[in-house]
Each structure stands twice: as structure tokens, then as C-alpha cells.
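Numbering (this note's numbering), first residue to last: 34 to 203.
Data block below; observations after.
Below, the structure written as C-alpha cells:
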């Protein structure tokens with residue numbers, strides 16, 4: 034089992050690093066599965082809580098947040114968008130991928146839903162998995178429990194991330 038996490042400092046930095054890494058590796062011919070933040074989408078909200086993800090390797094782009102209005106402070110996560118992105122990843126050739134990248138092990142995964150099955154499927158097939166992991170204590174605890182503490186924490190460095198991914202493919 035080969036699984037690693039990335040937690041970068043700075044708002045959106047983990048998303049940026051993973052999206053750029055995916056582009057680099059796909060351009061090199063890596064058969065990547067999973068999702069990354071669609072960086073071309075511009076949020077309509079000051080807090081950036083308006084996200085679209087791109088299913089790897091080549092789409093589709095799926096919105097995963099709801100438009101609840103400018104005054105809302107409720108969770109904008111759209112369960113239907115998450116379900117659509119999970120279905121797109123699970124419906125792909127995950128077992129034959131060279132690598133799986135997941136932009137974030139988030140609240141859905143912490144609650145036992147979301148991409149947990151896709152992560153497990155990839156790992157069982159010997160596919161290395163790289164996951165963005167936030168700073169929230171509950172999410173981190175759920176991730177540690179899910180992986181039985183076997184995940185490696187990688188530095189927020191593009192070259193180190195690419196090296197880990199390439200080594201897993203060898």
C-alpha cells in the first residue's frame with residue numbers, strides 16, 4: 034500500500050500544487066485517476082467557497098458546491114456534485130491507473146462516504162494514492178484511522194511530489 038498526503042500552507046496552495054502536478058504527470062504520459070481542483074474556475078465568493086473539480090485525466094469538470102447566496106455561511110458542498118465526481122472516477126479504469134490524486138480527503142470521506150471506496154480500490158490494485166489533507170483535527174483523525182497510520186506526509190514541494198509519484202509508477 035502506497036499512500037501519501039500533502040498539506041501546504043496558504044489558502045489554495047494544496048489545490049494548486051496537486052493540479053499542476055497532475056498536468057505535469059499527464060503530459061509525461063502518466064495514466065492518472067482521481068480529481069483535482071479546476072484552477073481555471075473563478076469563485077464568485079470572497080471566501081473562495083465555489084469550487085469545480087476536474088476528473089483525471091481529461092475531464093469532465095464538475096461543480097461540487099452549491100450557490101447558496103452571498104449572505105450564507107452554511108456549507109456549500111453539493112452532495113450531488115460530490116456523488117457525480119465519485120461516480121466519474123469509479124466508472125473509469127481506476128485499477129489500471131498509474132496514480133490516483135485526490136484534491137482533498139474532506140468531510141464526506143471523514144464520514145465514511147465520498148472517495149473512500151475509490152481510494153481503497155486503487156490501493157488494493159497497487160495504485161499509489163496522493164491525497165490533499167486539510168488541517169482540521171477531525172478530518173485528520175478520520176484519515177489516520179482510515180489508513181491505519183500508513184500514509185506518508187510529503188513536503189509541499191513540486192519536485193518532491195513528482196519524485197514520489199514517479200517512484201510509485203516504476
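Think of the CB as a built atom: it goes at the ideal place given N, C-alpha and C, for glycine as much as any other residue.
Beta-bridge pairing of residue i - partner residues as DSSP gives them
| i | result |
| --- | --- |
| residue 94 | 87 |
| residue 138 | 166 |
| residue 213 | Here the chain has residues from 34 to 203 only, and residue 213 is not among them. |
| residue 110 | 98 |
Span separating the alpha-carbon of residue i from that of residue j
| i | j | result |
| --- | --- | --- |
| residue 175 | residue 157 | 19 Å |
| residue 51 | residue 167 | 13 Å |
| residue 201 | residue 127 | 15 Å |
| residue 98 | residue 193 | 31 Å |
| residue 64 | residue 188 | 23 Å |
| residue 198 | residue 161 | 7 Å |
| residue 49 | residue 139 | 17 Å |
| residue 69 | residue 136 | 5 Å |
| residue 73 | residue 182 | 34 Å |
| residue 58 | residue 92 | 15 Å |
| residue 154 | residue 45 | 27 Å |
| residue 129 | residue 184 | 21 Å |
| residue 95 | residue 53 | 18 Å |
| residue 71 | residue 164 | 16 Å |
| residue 85 | residue 124 | 19 Å |
Best match in the options for proximity to residue i [C-alpha to C-alpha]
| i | options | result |
| --- | --- | --- |
| residue 232 | 55, 44, 49 | Any question about residue 232 goes unanswered here, given that the chain covers just 34 to 203. |
| residue 35 | 87, 152, 191, 178 | 152 |
| residue 62 | 178, 40, 90, 42 | 90 |
| residue 172 | 95, 57, 141 | 141 |
| residue 83 | 40, 60, 66, 111 | 111 |
| residue 144 | 179, 41, 37 | 179 |
| residue 149 | 43, 67, 196, 113 | 67 |
| residue 147 | 120, 134, 170 | 120 |
| residue 87 | 122, 113, 109, 100 | 122 |
| residue 40 | 115, 113, 190 | 190 |
As assigned by DSSP and simplified to three states, the class of residue i
| i | result |
| --- | --- |
| residue 38 | strand |
| residue 186 | strand |
| residue 174 | helix |
| residue 201 | helix |
| residue 144 | coil |
| residue 160 | coil |
| residue 73 | coil |
| residue 48 | helix |
| residue 61 | coil |
| residue 117 | helix |
| residue 193 | helix |
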